[in-house]
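Structure, as structure tokens:
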Amino acid sequence: GGAKSKNHTAHNQTRKAHRNGIKRVKTHRFETTKDRDAKYGRNSRYARKGSMRIYKKALAHKRDKAHSAAVAPQAAAES
13 GGAKSKNHTA HNQTRKAHRN GIKRVKTHRF ETTKDRDAKY GRNSRYARKG
63 SMRIYKKALA HKRDKAHSAA VAPQAAAES
């Protein structure tokens, strides 16, 4: 052949791309904590544990309150 002229073509590229389908990037619910700073990870773990403890305490209080409110009308009705 003569001198080379064609440097680029998009021929067949879209067909190749669509053969297996152009897929969306998978989104994950939680990002990995592997590469995160270890000190931050430890602290966040303690913080999470603390918040959970407070949350459970509040839930228990709410449950006891609801229970006593439900029992009170029954006691009044019986007397």
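For any residue, its number in the working numbering is found by taking its place in the sequence shown, counting from 1, and adding 12.
Where a beta carbon is used, it is the ideal one built from N, C-alpha and C, also for glycine.
Since this is a predicted model, take the numbers as computed values, not measurements.
Any heavy atom of the ligand NAD closer than 7 Å to the beta-carbon of residue i?
i: residue 77; result: Although the ligand NAD was asked about, the structure shown includes no ligands whatsoever.
With the cut-off set at 8 Å, would you say residue i and residue j are in Cβ contact?
i: residue 53; j: residue 45; result: yes
Beta-carbon within less than 8 Å of residue i's beta-carbon, same chain only, minus the 5 sequence neighbours each way: which residues are those?
i: residue 84; result: none
Determine the extent of the alpha helix (DSSP H) in which residue i is found, giving its start and end residues.
i: residue 28; result: 25-31
Got a sec? Which residues, its chain only, sit under 6 Å from residue i by beta carbon, not counting five neighbours each side?
i: residue 75; result: none
i: residue 72; result: none
In its own chain, which residues sit with a C-beta less than 7 Å from the C-beta of residue i, not counting the 5 before and 5 after it?
i: residue 23; result: none
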